[in-house]
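*Asks:*
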Amino acid sequence: MADSDPLEAVTFQANSLDEVPYPEVRETLRQHTVVRIRGLFDPEEIRATKREIAARFDPANDRKHDPRDTEIIRTNFQKLQVGCTSGMGTTRDLGRVLRMLFNPIFADDVYGMRRHFVLLARFRNLLYELDRDFAVFGTEEGYWTAARIHQYPRGGGFMSSHRDAFTRIVATEAGVTYAQPFLLMSEKGVDFQSGGAFTDLHGERVYYESGCQAGDVVAYDGQSIHGVGDIDPLEPLDMTSLSGRIVAFAALYRHLKPGASDYGELSRRAIEGMGH
Numbered sequence: 000m001a002d003s004d005p006l007e008a009v010t011f012q013a014n015s016l017d018e019v020p021y022p023e024v025r026e027t028l029r030q031h032t033v034v035r036i037r038g039l040f041d042p043e044e045i046r047a048t049k050r051e052i053a054a055r056f057d058p059a060n061d062r063k064h065d066p067r068d069t070e071i072i073r074t075n076f077q078k079l080q081v082g083c084t085s086g087m088g089t090t091r092d093l094g095r096v097l098r099m100l101f102n103p104i105f106a107d108d109v110y111g112m113r114r115h116f117v118l119l120a121r122f123r124n125l126l127y128e129l130d131r132d133f134a135v136f137g138t139e140e141g142y143w144t145a146a147r148i149h150q151y152p153r154g155g156g157f158m159s160s161h162r163d164a165f166t167r168i169v170a171t172e173a174g175v176t177y178a179q180p181f182l183l184m185s186e187k188g189v190d191f192q193s194g195g196a197f198t199d200l201h202g203e204r205v206y207y208e209s210g211c212q213a214g215d216v217v218a219y220d221g222q223s224i225h226g227v228g229d230i231d232p233l234e235p236l237d238m239t240s241l242s243g244r245i246v247a248f249a250a251l252y253r254h255l256k257p258g259a260s261d262y263g264e265l266s267r268r269a270i271e272g273m274g275h
């Protein structure tokens, strides 16, 4: 991989979903654990959307979330995540400082992200070899699309290195090979200067966003160890604006019954699958 663009060798150009060479993408994921798709989203449009979201952002909407409340994330919900808790009844820690702005496709389009989330969810489905619109617009066979924006704020936003547990077990139980695509809405060197997403590849920790741009779709597979390095850690922590690193997800989630029982059982299966 080139120093200036660590993802150069694992990048595919596609201007529509039909142009994506999905078998080659899956094989590249198998070999390298990470790929990039460029061309599905217009960079200027994504930058403009991010500016509009940032202009309307209100930190007073922050809420903490008890994961046993499985319905609140199926609404427009601004979650502040600070700490290491990862599931129920597990010793697995996952340190994080980030916001999650949940915006399901079937909820009001408060961020102007609807068509971007739909495109990202359809890409996920085709990568998984599912029907293009499976669980995109609602709940289907017990699954739904958890469309959301993640913010890692300037001044120390981060996520410690890990392998995915919950989303991975959901995909496995749906009968698909897990990979997690996300849409970059910020740019290293513009919105933040240090830190950013990394993956451990061939014994080396690779921070790969230096060659990325807004609108790129990056996907990592279920075996990858990945995380987010501290975003501009020497700057003052900025929790009052939508600063730092911004990405969008359209992950496949299982629709859980409200309360501790369903969530606790999923947590148990997820952690067992990780060996923790």
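In numbering that gives the first Met the number 0, the protein residues as written are 0 to 275.
Yeah, the Cβ is synthetic: ideal placement off N, Cα and C, and Gly gets one too.
#1: Between the alpha carbons of G228 and G156, how many angstroms are there, rounded?
#2: Please report the distance separating the alpha-carbon of A213 from that of Y151.
#3: Is there contact between the segment 231-251 and the segment 173-184, where contact requires at least three CB pairs shorter than 8 Å?
#4: Please report the residue range of the beta strand (DSSP E) in which T48 lies.
#5: Within 10 Å of its beta-carbon, does G283 have 16 or more other beta-carbons around it, so buried, or fewer, so exposed?
#6: Which term fits R114, buried or exposed, when burial requires 16 or more other beta carbons within 10 angstroms of its beta carbon?
#7: Relative to the C-alpha of R147, which residue among D68, V34, P103 and A178 is closest?
#8: Among D92, T10 and S3, which one has its Cα closest to the Cα of L28?
#9: Return helix, strand or coil for Y21, following the three-state DSSP convention.
#10: Which of the three DSSP states is assigned to G82 in this structure?
#11: Give the straight-line distance between the Cα atoms of A47 and G195, rounded to the nearest whole angstrom.
#12: So, with DSSP's three-state summary, where would you put E186?
#13: Give the range of the beta strand (DSSP E) segment to which H149 is assigned.
#14: Three or more beta-carbon pairs under 8 Å between the segment 108-126 and the segment 197-206, yes or no?
#15: Quick one: using the 10 Å Cβ neighbour count with 16 as the cut-off for buried, is Q77 buried or exposed?
#16: Taking 9 Å as the threshold (C-beta atoms), are A120 and T144 in contact?
#17: Apart from the five residues on each side of it in sequence, which residues of its chain come closer than 7 Å, Cβ to Cβ, to P235?
#18: Per the contact definition of three or more C-beta pairs closer than 8 Å, is the segment 6-22 in contact with the segment 34-41?
#19: Determine the contact status of Q222 and T32, defining contact as a CB-CB distance below 9 Å.
#20: For my contact list, V217 and R95 are in at a C-beta cut-off of 8 Å; report their separation, rounded to the angstrom.
#21: Nearest to L93 by alpha carbon, out of L100, M99, Q80 and F105?
*Replies:* Let me lay it out:
#1: 8 Å
#2: Between the alpha carbons of A213 and Y151 lies a distance of about 15 Å.
#3: yes
#4: Per DSSP, T48 belongs to no beta strand (DSSP E); it is in the alpha helix (DSSP H), P42 to R55.
#5: The chain is shown from 0 up to 275; residue 283 falls before or after that span and cannot be answered.
#6: exposed
#7: P103
#8: T10
#9: Helix, per DSSP.
#10: strand
#11: Each residue's Cα considered, the two are about 21 Å apart.
#12: In the structure shown, E186 sits in coil (DSSP, three-state: anything other than H, G, I, E or B).
#13: Y142 to Y151
#14: no
#15: buried
#16: yes
#17: Cβ within range, chain order: G154.
#18: By the criterion of at least three beta-carbon pairs nearer than 8 Å, the segment 34-41 is in contact with the segment 6-22.
#19: yes
#20: With 8 Å as the limit, V217 and R95 do not qualify as a contact, their Cβ atoms being about 19 Å apart.
#21: Among L100, M99, Q80 and F105, the Cα nearest to that of L93 belongs to Q80.
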